[in-house]
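Written below as structure tokens is the structure these notes are about.
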């Protein structure tokens, strides 16, 4: 666990949100990000059902859930907003879903977070710091424990004095790579 | 159970098969057809895993499994061969998959079989007669029983004397709607 | 598959049946026997739920389900009728359950059938012949297929002319070891 | 959540522990207690597998798991130490299991905790205070969150100055009913 703020979300569009979202929008809440691809079986069978359970289990004013569509293969089949919208509609995904921006070999946010593939689950604390990232499966007990620990932490105002970096009582934060 | 031969498969292409396939190609074997859409959650979670289990459980020289992609919604997202190929690749679908021909409000084979939606599971006996059709789920015990019953039936040569219709010892068959 | 009648059920008592039962009592129906122990995890988690599904799936006038309590270990804990009755009550086992007779190193019916342990699933055809026996798990599709095959067979009156042995049109049956 | 210490464990014996155990033995660790009966299907199918997952997921020096056999029915079938030992052996229960003392209409610890039935899951914090109790099922995400929250709390020495009651910085504790 480092003390660096979570990198910014670099997106080309959003579903289920009237405006683009980024890490600071969730300040004060624990944020769970599920990076997925719509044609990734592990995402469909495990990752997405799990964050739907997370969204049902925890109060929305304490914890937020978002998806991030990080397409790095089969672009023709799953790379359009229409395909993603159809998928989100059929699978009843009601949370905001960002479309990771395609501007390199890998999508931009995927690169900024150093993700190894999909599904990747990321947890950001109330103060905007990335506290957990896992490629592949994590079971519900372990994930619940991580979320419970972070929910028990206060949202220290000082820690967010300068979300772009800087020092406070807990330490000094490196600004996000931006 | 009527004595009518199963309607012909009207397709615009096939995956996992070098040539187009139709009911008579499976003569002598029990044929299980899974009609699905790649963005249909019930197909992905239940129907397709079930016929993969069927394909593993029964000997290939006695029972054949095929898919039929009957797209009737979200055509932009799932209506291309590329999208289906990516899906089949990611979900490790190794059986032949026909693409139901789009030439009306509903795909042509879907209409010919009177399907109500996806997933629909169809079982054709060794002699080319449709013996079972179910929209939605069927559990493994019940499906296994149906397949066991049909596998126990001999492939009476006479019954197939005229696969396009005609009479034999078991009765008179109406020719397929063609 | 031999043509020998299923060995007799040698029991010291029955639950859920006013009278003792034996193979000939099920003549005309396919009979599924689940040999189990109440403290056998594989029986509780797989075998017993599976035959409860079997009992729900098939019509009772065509197929019967019974249990056989074949205690070969932990006799003090699970060897009494009271323990079995409490277990059957809590697990809602409504089918007849025979108590395999304890008169040797192994229970008598367990020995007669050559069972290797619990759970063991046995299927007897409409004519009283043992057609399938499996120690351990069998999945629903495969079991359903076996049952479907046997349900499709007629109960030939002649084959049961002499259930204790003898010859008929299908062949000559060795009398049960009795 | 009150500030009362968890009631004492009133037992007539233990499995998987050379000595009797009680709440103060777990001081400094979060303690998860699963109250169960060996013939309770909900315990066998959900409660016990869940605390086995808990035991595997969390480090033993931070969190302890114990069972409590609270027999309140079918005493003849499940009320002996032999029956429980056979059950624990077959289900591979490796954690300490206390046998709730039979000295009233209900077992003594069951009464002291006001349990409504089995399974009941109880969580005691590092300082010996009961923080959670649930009759029936709780899903893994929610349980994980509770455990994560309690694991994040320090074991304040002062809070345990007088585990039998008394006041400290957090408040005043009613002595356990003893």
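Chains as they are written, first to last, in full-length UniProt numbering: chain A, 1 to 178; chain B, 1 to 178; chain C, 1 to 178; chain D, 1 to 178. Positions of the beta carbon are idealized from the N, C-alpha and C atoms, including for glycine. Values in this document were obtained by computation on a predicted structure and should not be read as measured data.
Consider the Cβ of residue 144 of chain C: report whether some Cβ of chain B lies at a distance smaller than 8 Å.
Residue-level contact check: residue 144 of chain C touches chain B, since one or more beta carbons of chain B fall below 8 Å from its beta carbon.
With a cut-off of 8 Å, does the C-beta of residue 74 of chain C fall near any C-beta of chain D?
Residue 74 of chain C counts as touching chain D.
Ends of the alpha helix (DSSP H) at residue 51 of chain A?
Here the alpha helix (DSSP H) through residue 51 of chain A covers 48-57.
Between the C-alpha atoms of residue 94 of chain B and residue 59 of chain C, what's the straight-line distance to the nearest angstrom?
C-alpha separation (whole angstroms): 36 Å.
Expected contact under 8 Å - CB spacing of residue 105 of chain B and residue 10 of chain B to nearest Å:
Between residue 10 of chain B and residue 105 of chain B the Cβ distance is about 14 Å, and since that is not below 8 Å, they are no contact.
Kindly indicate if chain F contains any beta-carbon less than 8 Å away from that of residue 79 of chain C.
The question asks about chain F, but that chain is absent: this structure's protein chains are A, B, C and D.
Quick check on residue 136 of chain A - is its C-beta less than 8 Å from some C-beta in chain D?
Taking Cβ atoms only, chain D never reaches closer than 8 Å to residue 136 of chain A, which makes this a no.
Taking buried to mean at least 16 other C-beta atoms within 10 Å of its own C-beta, is residue 125 of chain D buried or exposed?
Residue 125 of chain D counts as buried, since no fewer than 16 other beta carbons sit within 10 angstroms of its beta carbon.
Count the other C-beta atoms from every protein chain shown that fall within 10 angstroms of the C-beta of residue 96 of chain C, then say buried if there are 16 or more, exposed otherwise.
A residue is called buried when at least 16 other Cβ atoms come within 10 angstroms of its Cβ; residue 96 of chain C meets this threshold and is buried.
I'd like to know if the stretch 73-93 of chain C and the stretch 125-142 of chain C are in contact, where contact means that at least 3 CB-CB pairs between them fall below 8 Å.
Contact between the stretch 73-93 of chain C and the stretch 125-142 of chain C is absent, because fewer than three Cβ pairs lie under 8 Å.
Is the Cβ-Cβ distance between residue 134 of chain B and residue 120 of chain B less than 8 Å?
The answer is yes: Cβ separation under 8 Å.
Rounded C-beta distance between residue 140 of chain D and residue 140 of chain A? I'm assuming under 8 Å.
Confirmed, Cβ separation roughly 4 Å.
With three or more beta-carbon pairs closer than 8 Å as the criterion, would you say the stretch 15-28 of chain C touches the stretch 37-51 of chain C?
Contact between the stretch 15-28 of chain C and the stretch 37-51 of chain C is absent, because fewer than three Cβ pairs lie under 8 Å.
Just checking, does the stretch 63-77 of chain C make contact with the stretch 17-37 of chain C on the three C-beta pairs under 8 Å criterion?
As far as the Cβ criterion goes, the stretch 63-77 of chain C touches the stretch 17-37 of chain C, which means the pair count is three or higher.
Between the C-alpha atoms of residue 123 of chain C and residue 32 of chain C, what's the straight-line distance to the nearest angstrom?
Here the alpha carbons of residue 32 of chain C and residue 123 of chain C stand approximately 5 Å from one another.
Would you kindly work out how many angstroms separate the C-alpha atoms of residue 90 of chain B and residue 42 of chain A, rounded to a whole number?
Answer to the nearest angstrom: the Cα atoms are 10 Å apart.
The stretch 83-98 of chain C: positions lying closer than 7 Å to chain B by Cβ
The stretch 83-98 of chain C vs chain B, Cβ under 7 Å: nothing.
Complete alpha helix (DSSP H) runs within the stretch 92-147 of chain A (minimum length 4 residues, chain order):
Runs found: 108-113.
Can you list the residues of chain A that residue 48 of chain B reaches, using a CB-CB cut of under 8 Å?
Near residue 48 of chain B there are no residues of chain A at all, since even the closest Cβ is about 10 Å away, more than 8 Å.
Measure the C-alpha to C-alpha separation of residue 136 of chain C and residue 132 of chain B and round it to an integer number of angstroms.
In a straight line, the C-alpha of residue 136 of chain C is about 31 Å away from that of residue 132 of chain B.
Do residue 152 of chain B and residue 152 of chain C come within 8 Å of each other at the CB atom, strictly closer than that value?
In this structure, residue 152 of chain C sits near residue 152 of chain B, with a CB-CB distance shorter than 8 Å.
Output, in chain order, the set of chain B residues within a Cβ distance shorter than 7 Å of residue 41 of chain A.
Within chain B, the residues 90 and 91 have their CB atoms less than 7 Å from the CB of residue 41 of chain A, given in chain order.
Do we get a CB-CB distance below 8 Å when we pair residue 44 of chain B with the residues of chain A?
Residue contact check for residue 44 of chain B against chain A: a CB pair falls below 8 Å.
Short CB-CB distance (under 8 Å) between residue 54 of chain C and chain B
It does: the Cβ of residue 54 of chain C has a partner Cβ on chain B nearer than 8 Å.
Drop a sphere of 10 angstroms on the beta-carbon of residue 157 of chain B, count the other beta-carbons inside from all chains shown, and report buried for 16 or more, exposed for fewer.
Low per-residue confidence applies at residue 157 of chain B: pLDDT is 49, beneath 50, and the placement is therefore not dependable enough to give any value.
Once DSSP output is grouped into helix, strand and coil, what is the label at residue 74 of chain D?
In the structure shown, residue 74 of chain D sits in coil (DSSP, three-state: anything other than H, G, I, E or B).
Span separating the alpha-carbon of residue 98 of chain C from that of residue 116 of chain D
Each residue's alpha carbon lies about 34 Å from the other.
How about residue 8 of chain C and residue 22 of chain C: do their beta carbons lie closer than 8 Å?
The Cβ-Cβ distance between residue 8 of chain C and residue 22 of chain C falls below 8 Å.
CB-CB under 8 Å to residue 147 of chain D, same chain, minus the five flanking residues each way: which ones, in chain order?
Cβ neighbours of residue 147 of chain D beyond the five flanking positions: 30, 32, 54, 58, 63 and 123.
Using the rule of at least 16 other Cβ atoms within 10 Å of the residue's Cβ for burial, across every protein chain shown, is residue 28 of chain A buried or exposed?
Residue 28 of chain A is classed as exposed because its beta carbon has fewer than 16 other beta carbons within 10 Å across all chains shown.
Rounded straight-line distance, which links the Cα of residue 74 of chain A to that of residue 86 of chain B:
So the two alpha carbons sit approximately 6 Å from each other.
Can you find the residues in the same chain that come closer than 8 Å, C-beta to C-beta, to residue 77 of chain A, ignoring five residues on each side of it along the sequence?
These residues qualify, in order along the chain: 39 and 83.
Contacting residues, own chain, Cβ-Cβ under 7 Å from residue 108 of chain D (five flanking each side not counted)
Cβ-Cβ distances below 7 Å link residue 108 of chain D to 10, 100 and 101 in the same chain, with the five nearest sequence neighbours on each side left out; the list follows chain order.
Identify every residue that forms a DSSP beta bridge with residue 34 of chain B.
In DSSP, residue 34 of chain B forms a bridge with B/67 and B/121.
Is the Cβ-Cβ distance between residue 149 of chain A and residue 149 of chain D less than 8 Å?
The beta carbons of residue 149 of chain A and residue 149 of chain D sit closer together than 8 Å.
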